[in-house]
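Chains as they are written, first to last, in the working numbering: chain E, 1 to 87; chain Z, 88 to 344.
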């Protein structure tokens, strides 16, 4: 299966604004599609974060990065999940 | 005016003097006190191992960070942030340093004595023809007066010398006492100043922490970039695109799995 990986990072803060893994040209109803997608999403997310939370936003997968490193003095506001236009 | 003549008179005296003498010393010592407040936070708990590996390389090249004690340190106004790769911890430190000065004094009274035989010579001048009223008799008086003055000068010199020798002999011990007092005072002042500075450092830690986290998060962002691009290469990804605008860096690629 073919996947598209997108990563958007703010340069001044290092904040990850978007980390998304989409399937490309795949039938989401095909057998094993979701399991394979989950596995790949987890593999890519695991590179960056130990316990990445993976959210599915139909029909694509969005890996939400809640906070890799949370400043304790000034907690970050809740992250807004981006819209997806995946497969 | 005929040839000048001179009369020499030798004078001797036995010097025996005793006195009490105060010997004092003051020592000023300078030091510094540092108040420190620190907090450690784990990056390893959250970041993936590839990112932690990339972070080392990023910090090695990132401006403002320098290698130190097996890690990387970035100095800040009022403190510093130190990343320790061996533990994956971030150490945030607020530091305030101030000069400290302390004075120590010591004095003691010592008894001095000197006993010596003094011998001096007085000289008087006259002329055979008693020119200028300078006769042998006046020359003898002059010589005696000169000898008396010399005797007094020798006496004063000898006593001063003895006092100086006593001062030098006792000065070392008195100075050591003064230095000991100064050290004790300096230690006390440093401890008090350090306690006050530590309270100030604790207050400053929040501000230093904010700066520190921004700096390390910026580096982590670059480590994310390097990690994901290395992953893309390892997966023979296609269409790898890295772009940046408006302070945002975007990476995109496709891969077969």
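For glycine and all other residues, C-beta sits at the position ideal for the given N, C-alpha and C.
Treat the numbers as computed from the prediction; the structure is a model and nothing was measured.
If you draw a straight line from the Cα of residue 94(Z) to the Cα of residue 250(Z), it comes to about 34 Å. For residue 49(E), no alpha helix (DSSP H) run applies, since DSSP gives it neither H nor E. Between the beta-carbon of residue 277(Z) and that of residue 118(Z) there is about 6 Å, and that keeps the pair under the 8 Å contact cut. Residue 5(E) has its alpha-carbon roughly 9 Å from the corresponding atom of residue 23(E). Residue 20(E) sits buried, since 16 or more C-beta atoms from the chains shown fall within 10 Å of its C-beta.
For the 8 Å CB-CB criterion, residue 235(Z) and residue 103(Z) do not form a contact. Residue 340(Z) sits close to residue 324(Z), with the two beta carbons spaced by under 8 Å.
The beta carbon of residue 7(E) is closer than 6 Å to those of 19 in its chain, skipping five residues each way along the sequence.
Rounded to whole angstroms, the separation of the alpha carbons of residue 242(Z) and residue 223(Z) is 28 Å. The stretch 176-191 of chain Z makes contact with the stretch 119-131 of chain Z: 3 or more CB pairs, one atom from each, lie closer than 8 Å. A distance of 8 Å or more separates the beta carbons of residue 303(Z) and residue 138(Z). Taking a contact to require three or more Cβ pairs closer than 8 Å, the stretch 135-155 of chain Z and the stretch 170-178 of chain Z qualify as touching. Bounds of the beta strand (DSSP E) holding residue 193(Z) are 176-214.
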